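Below is one structure; the comments refer to it alone.
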Amino acid sequence: MNEENDNQIDVQKSLASIERERDNEELIKRLIKTEAAIKKAEADIKNSEKQIQHIEKSKTWKQTASIRKVLHTNQEPQIANLEKEIASIHHELSGAKEMINSLKIATAKLDYNHLWRMAKEKKDEGTLIELMEDVIEQKQTYDENYNHLLKAAARLFMNEKKAYKQLVYPKLLSGLKVEDIPEFMIRSGLSEEEISLKPASSYRASLNMRMREHQLIGTLPEMLLDDKKLAYRFMNRLNIRTPEVSDRSYTLEEIPEKNGIAIKPIDGAGARGVYLVYTNNDIIDIKQSKTIANWQVLRKNMERDIESGRVSRNEWFTEELILEDRDNKVPARDIKFYCFYGKVALILEIVRYPEIKYCWWTASGERIGTGKYDESLFKGKGVTNAEVEIAKAISAEIPSPFIRIDFLRSDEGLVFGEFTPKPGNYDEFDNPTDKWLGDYFIEAQGRLTNDLINGKEFIHYTNLEADVHTRD
39 MNEENDNQID
49 VQKSLASIER
59 ERDNEELIKR
69 LIKTEAAIKK
79 AEADIKNSEK
89 QIQHIEKSKT
99 WKQTASIRKV
109 LHTNQEPQIA
119 NLEKEIASIH
129 HELSGAKEMI
139 NSLKIATAKL
149 DYNHLWRMAK
159 EKKDEGTLIE
169 LMEDVIEQKQ
179 TYDENYNHLL
189 KAAARLFMNE
199 KKAYKQLVYP
209 KLLSGLKVED
219 IPEFMIRSGL
229 SEEEISLKPA
239 SSYRASLNMR
249 MREHQLIGTL
259 PEMLLDDKKL
269 AYRFMNRLNI
279 RTPEVSDRSY
289 TLEEIPEKNG
299 IAIKPIDGAG
309 ARGVYLVYTN
319 NDIIDIKQSK
329 TIANWQVLRK
339 NMERDIESGR
349 VSRNEWFTEE
359 LILEDRDNKV
369 PARDIKFYCF
379 YGKVALILEI
389 VRYPEIKYCW
399 WTASGERIGT
409 GKYDESLFKG
419 KGVTNAEVEI
429 AKAISAEIPS
439 PFIRIDFLRS
449 DEGLVFGEFT
459 PKPGNYDEFD
469 NPTDKWLGDY
479 FIEAQGRLTN
489 DLINGKEFIH
499 YTNLEADVHT
509 RD
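Each residue of the sequence shown is one higher than the one before, counting from 39 in my numbering.
Here's what the structure looks like:
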């Protein structure tokens with residue numbers, strides 16, 4: 039009961055803190071606007087005073103003194119009306135200028151399906167490349183204009199109060215790509231002004247750069263474990279349960295017709311080309327979430343997998359069939375840990391049959407949304423703290439800032455499935471998730487670098503690597 043009360047108090051404190059931050063932000067915004075209005079008013083007054091002094095000193099003003107006295111008594115109402123009309127016109131003109139500026143620097147947000155149809159139409163006409171070239175040129179121009187505007191806004195706040203910069207700079211940073219952030223804004227993040235550089239973090243960008251590194255160097259430590267057979271050998275060294283696997287690969291014509299096996303392509307991903315064989319006449323296509331009548335139909339399906347490109351080549355292996363509920367023949371659900379060198383940030387739970395459903399978890403057991411699979415979410419069962427600790431320990435044995443570790447949930451616990459150095463469609467996370475995972479990635483890189491400098495030996499990994507080189 040006391041623990042429940044403490045939790046309620048913590049929640050209330052958190053809500054109060056968030057409310058105070060919002061109030062402070064609104065107050066700073068009002069202060070910035072007020073100070074700007076005061077400065078503008080002071081400048082207008084000074085300018086008006088100069089103009090009045092200039093007019094009063096002019097010969098025209100002095101020579102028309104007697105005429106003004108007569109006009110002043112007769113035309114005050116007309117002048118007042120004219121002043122009101124001028125003020126109204128000035129207000130409308132100001133609004134029109136804002137609209138014009140918005141139209142200059144913004145474009146309408148178009149529906150993706152509409153754009154896809156447009157691109158397909160151009161491809162069918164043979165003019166898609168020309169369209170791409172035009173769009174890229176326009177985008178580069180737009181980006182340049184946006185960047186200049188945002189950087190100009192940042193410079194205008196360079197010498198402002200710390201509180202103002204702490205409000206404005208993160209907003210500007212969120213509108214700039216990592217490579218477009220000017221040095222003086224980064225400098226503010228490293229000074230006593232304590233400007234958060236979190237908007238500069240990006241999981242997408244970090245993985246993109248990691249893959250570019252792979253191109254330049256030719257390999258990365260985590261890529262060794264992308265080979266399923268090597269991954270199983272690595273996990274056996276760590277005493278992690280793996281499925282029993284065939285000791286050879288097969289063409290679809292050669293696969294033995296056995297019960298209780300899973301058939302997978304050698305280089306498959308995303309459950310494409312994966313089939314669960316309960317018996318000869320009870321087979322499931324996992325990717326398509328449908329049943330298959332017999333082996334003859336199965337082989338036809340596998341042929342179509344190859345012809346359509348869902349499976350790249352005619353090379354398959356079989357492994358032990360892992361079930362979550364053996365009595366009711368419930369297929370094992372996927373449990374995927376997004377690991378950042380000894381830390382778990384995110385967990386994806388997937389049920390693939392009879393329909394595919396997803397559930398995202400934090401390492402602390404909180405269900406969250408990430409922008410991916412939002413249309414197919416469900417309330418999953420989650421994982422235990424012990425399972426999270428196992429994933430952490432495994433990733434700490436791999437000299438890489440990121441790797442996803444995929445398991446299957448059996449009736450006896452987790453069974454290792456595969457390592458995934460580059461998850462599919464990792465660009466589809468929403469921006470908050472991308473920034474959050476980006477921080478994990480950068481922090482993991484730093485910890486890994488420090489450990490390597492301090493002489494950490496990744497014994498299980500280096501032994502596997504040496505074994506591979508010896509066999510080669």
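Just so you know, even glycine gets a beta-carbon here, dropped at the ideal spot from N, CA and C.
On a predicted model such as this, the values are computed, not experimentally measured, just so you know.
Figure out for me which residue from the options has the closest Cα to the Cα of residue i.
| i | options | result |
| --- | --- | --- |
| GLY462 | LYS410, GLY476, PHE416 | LYS410 |
| LYS460 | PHE375, GLU87, ARG337, PRO392 | PHE375 |
| THR289 | PHE355, ILE436, LEU153 | PHE355 |
| PRO208 | GLU182, SER239, THR179, ASP181 | SER239 |
| LYS71 | LEU166, SER414, TYR202, GLU168 | TYR202 |
| ASN277 | LYS122, GLN89, ILE428 | ILE428 |
| ASN488 | TYR464, PHE445, PRO439 | PRO439 |
| PRO470 | LEU166, THR408, ASN332 | THR408 |
| GLU466 | LEU188, SER96, TYR241, GLU121 | TYR241 |
| HIS186 | LYS200, GLU168, LEU211, MET170 | LEU211 |
| ASP343 | LYS302, LEU490, ASN501, GLY380 | LYS302 |
| TRP474 | GLU175, TYR180, PRO237, ASP505 | PRO237 |
| SER433 | CYS377, ALA401, ARG509 | CYS377 |
| LEU386 | ARG371, ASP444, TRP398 | TRP398 |
| TYR316 | ILE299, LYS328, ALA309 | ILE299 |
| THR400 | LYS381, ASP149, ASP412 | LYS381 |
| GLU425 | ASP444, SER414, GLU413 | ASP444 |
| ASN412 | LYS395, LYS419, GLY418, ALA118 | Just to set this straight, residue 412 is Asp in the shown sequence, not Asn. Out of LYS395, LYS419, GLY418, ALA118, LYS395 has the C-alpha closest to the C-alpha of ASP412. |
| ALA307 | LYS84, ARG509, ARG351, VAL335 | ARG351 |
Assuming residue i is part of the beta strand (DSSP E), what are its boundary residues?
| i | result |
| --- | --- |
| SER448 | 441-448 |
| VAL389 | 382-389 |
| LYS395 | 395-400 |
| ILE322 | 320-323 |
| THR458 | 451-458 |
| LYS374 | 371-377 |
| LYS328 | 328-330 |
| GLU362 | 361-363 |
| ASP357 | The residue asked about is misnamed: residue 357 is Glu in this sequence, not Asp. Run containing GLU357: 354-358, per the beta strand (DSSP E) assignment. |
With a 10 Å radius around its C-beta and 16 neighbouring C-beta atoms as the bar for buried, classify residue i as buried or exposed.
| i | result |
| --- | --- |
| TYR499 | buried |
| LYS142 | Residue placement at LYS142 is poorly supported in this model, since its pLDDT is 45, which falls under 50; the coordinates are not used for a value here. |
| ILE406 | exposed |
| ARG442 | buried |
| SER229 | exposed |
| LEU384 | buried |
| ASN139 | Note on ASN139: pLDDT 46, under 50, position unreliable in the model; no value is reported. |
| GLY347 | exposed |
| MET196 | exposed |
| ALA144 | Note that ALA144 scores 47 on pLDDT, short of 50, meaning its location in the model is unreliable; the coordinates nonetheless yield the value given after this. Per the 10 Å Cβ criterion, exposed. |
| SER226 | buried |
| ASP472 | buried |
| PRO369 | buried |
| TRP154 | exposed |
| PHE416 | exposed |
| GLY311 | buried |
| GLY403 | exposed |
| TYR464 | buried |
| ASN492 | exposed |
| TYR270 | buried |
| VAL421 | buried |
| TYR150 | exposed |
| LEU170 | Before going on, a small fix: residue 170 reads as Met here, not Leu. Classification of MET170: exposed, given that the 10 Å Cβ count is below 16. |
Does the CB of residue i have a neighbour CB from chain D at under 9 Å?
| i | result |
| --- | --- |
| GLU123 | Structure shown: chain D not included; a single protein chain is present. |
Just to confirm, does residue i get its C-beta within under 8 Å of one of the non-hydrogen atoms of the ligand PLP?
| i | result |
| --- | --- |
| LYS199 | Looking for the ligand PLP in the displayed structure turns up nothing, as the structure carries no ligands at all. |
For the alpha helix (DSSP H) that contains residue i, what are its first and last residues?
| i | result |
| --- | --- |
| ARG337 | 333-346 |
| VAL506 | 497-509 |
| THR205 | The question names Thr, yet the displayed sequence has Leu at residue 205. Where LEU205 is concerned, the enclosing alpha helix (DSSP H) stretches over 200-212. |
| THR317 | Where THR317 is concerned, there is no enclosing alpha helix (DSSP H), although the beta strand (DSSP E) it sits in stretches over 313-317. |
| ASP172 | 166-194 |
| ILE233 | First-last for ILE233: undefined, no H or E at that position. |
| PHE479 | 469-491 |
| LEU153 | 150-163 |
| ILE219 | It is not in any alpha helix (DSSP H) - ILE219 carries neither H nor E in the DSSP assignment. |
| ALA424 | 423-433 |
Contact between the region 253-265 and the region 451-471: three or more CB pairs below 8 Å? yes
Inter-stretch contact (C-beta, 8 Å, three-pair minimum) for the region 389-407 and the region 436-452: no
Inspect the CB distances between the region 240-254 and the region 476-492 and report whether three or more fall short of 8 Å. yes
Does the region 249-263 come close enough to the region 318-325 to have 3 or more Cβ pairs within less than 8 Å? no
Is the region 290-310 touching the region 347-361 in the sense that three or more CB pairs, one from each, lie closer than 8 Å? yes
Meets three-Cβ-pair contact criterion under 8 Å: the region 211-223 and the region 178-193: yes
Going residue by residue through the region 239-305, where are the continuous beta strand (DSSP E) segments of at least 3 residues, counting only ones entirely within it? 299-303
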